[in-house]
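Residue numbers (UniProt numbering): 1 to 327.
We put the beta carbon where it would ideally sit given N, CA and C, even for glycine.
Read through the structure below, which is laid out as C-alpha cells, and then see the notes.
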C-alpha cells in the first residue's frame with residue numbers, strides 16, 4: 001500500500017510539474033512572440049525613418065542647390081540694378097551737363113522771382129564778376145527750401161556747353177565773395193563726390209594731379225617733372241636779339257660747338273629740323289610751358305618749306321613761334 005501511495009504521489013506531482021512547465025513554456029512563447037513582434041515593428045519603423053532621412057537629405061540637397069541658384073540670381077539682379085542705377089545716374093548727369101549750381105547769389109527772400117529775373121541776375125554776375133558777357137542762358141531758377149540764413153541755390157542752364165565750361169573755369173574769380181559755382185549733379189553723384197573729396201584734397205596736398213572723370217570717378221596721378229632749361233644758366237634777359245618760342249618740342253639736344261651752344265629743334269610738322277649755332281649770352285626762360293631763347297643765330301634748315309628758310313646757309317634772323325605735335 002505504501003508503494004502504491006508513493007507512486008500515486010509521484011504521478012500526481014509529475015503531472016503538476018508538467019502542467020506548470022507547460023504554463024511557463026506558453027508564457028515564454030508569448031513573451032518571445034511579443035518581443036519578435038516588437039522587433040519587427042522597430043525594424044519597420046527604423047526602415048521608415050531611414051527612408052525619411054534619405055528623403056530629407058535629398059530635399060536638403062535640393063534646397064541648397066536652389067538656394068545657391070537663388071543667391072546667384074539675386075547677385076546677378078543686384079549687379080544689374082547697380083549697373084542700371086549707374087547708367088541712370090550717368091544719364092541724369094549727362095542731361096545736366098549744361099547746368100551749373102550757383103550758391104550765395106543774393107535775392108530778396110520775401111519776393112517771388114521769375115525765371116527771367118533770375119536769369120538776369122546770373123547774367124549780371126557773369127558780366128560783372130567773371131568778365132564773361134554775352135553768354136546765352138537757356139533758363140535759371142532757384143531750388144531748394146527757403147532758408148533764413150542765406151539765399152537759395154540757383155540752377156542755371158546754358159545753351160552751349162562751352163559757355164558752361166568757361167564759367168566753371170573762371171569760377172575762381174569769385175573767391176572771397178561768398179558765391180560758389182559747381183557742377184549740377186544728381187544726388188547720388190553728389191554723395192559719391194562728397195565721399196571722395198578728402199582723398200582729392202590729400203592727393204593735391206601731396207603734389208599730385210586730382211580730378212573727377214565721368215562725374216564721379218576720382219583720378220589721381222603724379223605731376224610731370226618740369227622741362228629743364230635748354231642752356232646752363234639762370235633766367236636772364238638778352239638784349240634785342242631774335243626770340244624763338246618753342247612749344248611742345250618733340251626733342252631738344254644741346255651741345256658745345258666752339259664756345260657756342262648748338263640747339264637742334266625737331267619739327268615733325270615742318271618735315272625737317274632746324275639747327276641753330278649761336279652765342280647764347282643768356283639762359284632760357286620758361287613761362288606757361290614755353291621755352292624762350294634769345295639768340296643771334298645762323299640757321300641750317302634742310303628740307304623745310306621755302307617760307308621757313310633763307311637762301312643757302314647765310315645768316316638768318318628769326319622771331320616767331322614753332323609748334324610741334326607730340327610724337
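Residue closest to residue i, alpha-carbon to alpha-carbon, out of the options
i: residue 149; options: 159, 155, 178 and 137; result: 178
i: residue 132; options: 170, 66, 78 and 64; result: 170
i: residue 144; options: 138, 137, 155 and 134; result: 155
i: residue 89; options: 62, 222, 224 and 217; result: 217
i: residue 203; options: 187, 221 and 213; result: 221
i: residue 92; options: 192, 142 and 187; result: 187
i: residue 159; options: 142, 13 and 96; result: 96
i: residue 142; options: 63, 125 and 117; result: 117
i: residue 153; options: 163, 100 and 190; result: 100
i: residue 163; options: 151, 190, 135 and 38; result: 135
Buried versus exposed call for residue i [16 or more other C-beta atoms within 10 Å across all chains shown]
i: residue 122; result: buried
i: residue 48; result: exposed
i: residue 18; result: exposed
i: residue 146; result: exposed
i: residue 215; result: buried
i: residue 44; result: exposed
i: residue 25; result: exposed
i: residue 114; result: exposed
i: residue 119; result: buried
i: residue 167; result: buried
i: residue 41; result: exposed
i: residue 343; result: Since the displayed the chain opens at 1 and closes at 327, residue 343 lies outside it and no answer follows.
i: residue 327; result: At residue 327 the pLDDT is 35, less than 50, meaning the model places this residue with poor confidence; the figure from the coordinates comes in the next sentence. Result: exposed.
i: residue 161; result: exposed
i: residue 198; result: exposed
i: residue 137; result: buried
i: residue 112; result: exposed
i: residue 33; result: exposed
i: residue 63; result: exposed
i: residue 125; result: buried
i: residue 11; result: exposed
CA-to-CA distance, residue j to residue i, given in whole angstroms
i: residue 98; j: residue 184; result: 8 Å
i: residue 30; j: residue 23; result: 11 Å
i: residue 94; j: residue 207; result: 30 Å
i: residue 275; j: residue 173; result: Only weak support exists for where residue 275 lies, its pLDDT of 43 falling under 50; the coordinates are left without a value.
i: residue 140; j: residue 127; result: 16 Å
i: residue 74; j: residue 84; result: 15 Å
i: residue 36; j: residue 50; result: 21 Å
i: residue 76; j: residue 223; result: 40 Å
i: residue 165; j: residue 78; result: 36 Å
i: residue 8; j: residue 27; result: 28 Å
i: residue 65; j: residue 56; result: 14 Å
i: residue 67; j: residue 52; result: 22 Å
i: residue 129; j: residue 192; result: 30 Å
i: residue 209; j: residue 82; result: 29 Å
i: residue 182; j: residue 60; result: 57 Å
i: residue 54; j: residue 80; result: 38 Å
i: residue 2; j: residue 14; result: 18 Å
i: residue 69; j: residue 87; result: 27 Å
i: residue 200; j: residue 71; result: 37 Å
i: residue 269; j: residue 196; result: Summary for residue 269: the model assigns pLDDT 41, below 50, so the residue's position carries little reliability; its value from the coordinates is reported in the next sentence. Each residue's alpha carbon lies about 42 Å from the other.
i: residue 5; j: residue 38; result: 49 Å
i: residue 329; j: residue 151; result: No statement about residue 329 is possible, as the shown extent of the chain runs from 1 to 327 and does not include it.
i: residue 58; j: residue 46; result: 18 Å
i: residue 211; j: residue 157; result: 23 Å
i: residue 189; j: residue 213; result: 12 Å
(request) Identify every run of the alpha helix (DSSP H) within the region 78-146, keeping only runs that are complete inside it and at least 4 residues long; order them along the chain. (result) Taken in chain order, the unbroken stretches of alpha helix (DSSP H) that lie wholly in the region 78-146 and span 4 residues or more are 115-128.
(request) Spell out a yes or no on whether the region 98-105 and the region 164-177 are touching, meaning 3 or more CB-CB pairs, one atom from each, closer than 8 Å. (result) Taking 8 Å as the limit for Cβ pairs, the verdict is that the region 164-177 does touch the region 98-105.
(request) Scan the region 143-180 and note each continuous beta strand (DSSP E) run of 3 residues or more that stays entirely inside, going in chain order. (result) Correct list: 153-158.
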